[in-house]
Structures are given as C-alpha cells and as structure tokens.
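Written below as structure tokens is the structure these notes are about.
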Amino acid sequence: MSAMEWTEADTVLPDDDTLVLLALNDDDVWPGYRDGDVWRYVDAMPITTERVTHWMPMPAAPTHGEPA
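Residue numbers (numbering that gives the first Met the number 0): 0 to 67.
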C-alpha cells in the first residue's frame with residue numbers, strides 16, 4: 000500500500016475540478032475541489048467560513064475481491 004501525503008494548499012494546488020480530500024483549519028476533512036480561485040465542497044457549495052490548509056488526492060477505490 001502506498002502512503003498518501005497531504006500537500007500544503009499555499010504551496011501547490013490541485014488541477015481545477017479535480018476531486019480531492021481537503022483539510023480545513025477547523026480540523027475537518029471533506030471531499031472537494033478547486034474552481035478557479037474558489038475551493039468548493041463536493042456539493043459545489045463554496046468554502047467561505049473555513050480555510051483549506053492541505054489537500055491530497057482521493058484514494059483509489061478498492062478492487063473487487065480485495066479484503067476490507
């Protein structure tokens with residue numbers, strides 16, 4: 000299994016419209032994406048009251064027959 004690592008949001012940004020995991024300054028983690036200069040939750044709502052501090056690519060889905 001490869002290790003997933005968080006990327007600081009103020010150093011490198013994901014490609015626009017690419018679904019990633021977002022770590023917010025309130026310690027919550029949510030799926031979301033960048034839309035130009037705006038971070039958005041997966042439901043397209045803009046993230047306005049928190050700050051995205053880190054992001055990481057979404058993990059790969061399990062393959063059929065892989066143990067849980």
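Each residue gets a CB set at the ideal place from its N, CA and C atoms; glycine is no exception. Note that the coordinates shown come from a computational prediction; the quantities given were computed from them, not determined experimentally.
Pick helix, strand or coil for residue i, following the three-state DSSP scheme.
i          : result
residue 11 : coil
residue 35 : coil
residue 41 : coil
residue 54 : strand
residue 6  : strand
Check this for me: beta carbons of residue i and residue j, under 7 Å apart or not?
i          : j          : result
residue 25 : residue 49 : yes
residue 2  : residue 54 : no
residue 40 : residue 16 : no
What number of angstroms, rounded off, separates the C-alpha of residue i from the C-alpha of residue j?
i          : j          : result
residue 62 : residue 20 : 20 Å
residue 23 : residue 5  : 12 Å
residue 58 : residue 27 : 17 Å
residue 43 : residue 64 : 33 Å
residue 52 : residue 60 : 25 Å
residue 38 : residue 46 : 6 Å
Assuming residue i and residue j are in contact, meaning their beta carbons sit under 8 Å apart, how far apart are those beta carbons, in whole angstroms?
i          : j          : result
residue 12 : residue 30 : In fact, because the Cβ distance is near 16 Å, the residues do not count as touching under 8 Å.
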